[in-house]
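These notes are about the structure you will find just below.
Numbering (the working numbering), first residue to last: 120 to 391.
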């Protein structure tokens, strides 16, 4: 099977090393972004992991209209630009509409297509047209093999720099499950990132917001290493219980080192 590769800034996906996309779910403040980015940068340098910093400037798909969405595009992109400048990290965030893409691409090193929008042709083509890496999150309603069509849309638009992210599949109401067979199946099309924190999410399970089972993040992340995932996606926060988004699933920043070390050990054994 052909080993596909992609690149976000100086971070390679699909190569020999492990790559990580990480940061708070929501860009709650400039200081939070800088604090988390600094801690992650130090940790990933120590562990020889390629790091892409992620924070959403707008959570446009919240369960209820009154919940926090973030600072908006202008302020949020400014904070991400500060992260790039201060730490030299490539940055990633979501785009939800084609009109957002030119402004987002001026700052972001990777444009992320949210799972609910993974079949939106115009959005995929517009993102591809920037020349930036495009990370397509697999819809909770999509079979792994059907994501070949989304990748094809990006490549037919002239952009081979594309990633797929596995983040669980709907299983009845308010539940997600992960079929780890999907990782090698999707690697036939593009490098695959495993989103361990969204995979333990329980969408809208708490009524006004999503629930989740944070205690299984490390387990699923290690399982993804055995299945051959090229990268991990871990949303993290210094105080998840008081996070403005995904409080039930974000990994405490203090636990990140232990989880990554465990994943690296599993990955090493699986590649021997």
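Cβ coordinates follow ideal geometry from the N, Cα and C atoms, glycine included.
Nearest C-alpha to residue 217 among 234, 277, 271, 248: 248. For the 8 Å CB-CB criterion, residue 156 and residue 208 form a contact.
For residue 200, the enclosing alpha helix (DSSP H) stretches over residues 192-206. Non-local C-beta neighbours of residue 214 in its own chain, meaning closer than 6 Å and more than five positions away in sequence, comprise 220, 223, 230, ordered along the chain. The secondary-structure analysis by DSSP pairs residue 175 across a beta bridge with 145. As a beta-bridge residue in DSSP terms, residue 126 pairs with 131. At a cut-off of 4 residues, the continuous stretches assigned as alpha helix (DSSP H) that sit fully inside the stretch 226-312 are 240-247, 267-275, 301-306. Shown here for residue 366: same chain residues with a beta carbon closer than 7 Å to its own, the five before and five after excluded, namely 359, 360 in chain order. When the five nearest sequence neighbours on each side are left out, the beta carbons in the same chain lying within less than 6 Å of the beta carbon of residue 152 are those of 146, 174, 198, 202, in order along the chain.
A distance below 8 Å separates the beta carbons of residue 336 and residue 378. Per DSSP, residue 379 lies in no beta strand (DSSP E) segment; the continuous alpha helix (DSSP H) that holds it begins and ends at 375-390.
For residue 369, the three-state secondary structure derived from DSSP is coil. When C-alpha distances from residue 164 are compared across 130, 374, 178, the shortest belongs to 130. Residue 286 sits buried, since 16 or more C-beta atoms from the chains shown fall within 10 Å of its C-beta. Residue 239 and residue 273 have their C-alpha atoms some 11 Å from each other.
By a beta-carbon distance limit of 8 Å, residue 343 contacts residue 313. Their separation comes to about 4 Å. Taking C-alpha positions only, residue 195 is separated from residue 329 by approximately 23 Å.
Per DSSP, reduced to three states, the secondary structure at residue 220 is helical. Between residue 176 and residue 158, the alpha-carbon positions lie close to 20 Å from each other. When DSSP states are grouped into helix, strand and coil, residue 347 belongs to the coil group. In this structure residue 349 is in contact with residue 132, their Cβ atoms being roughly 5 Å apart against a cut-off of 8 Å. Contact between residue 179 and residue 170 is ruled out by a C-beta separation of about 25 Å, above the 8 Å threshold. The beta carbon of residue 233 sits closer than 7 Å to the beta carbons of 180, 213, 215, 256 from its chain, once the five residues preceding and following it are set aside; these are given in chain order. For residue 280 against residue 125, the beta-carbon gap comes to about 5 Å, under 8 Å, which counts as contact.
Around the CB of residue 296, fewer than 16 other CB atoms lie within 10 Å, so the residue is classed as exposed.
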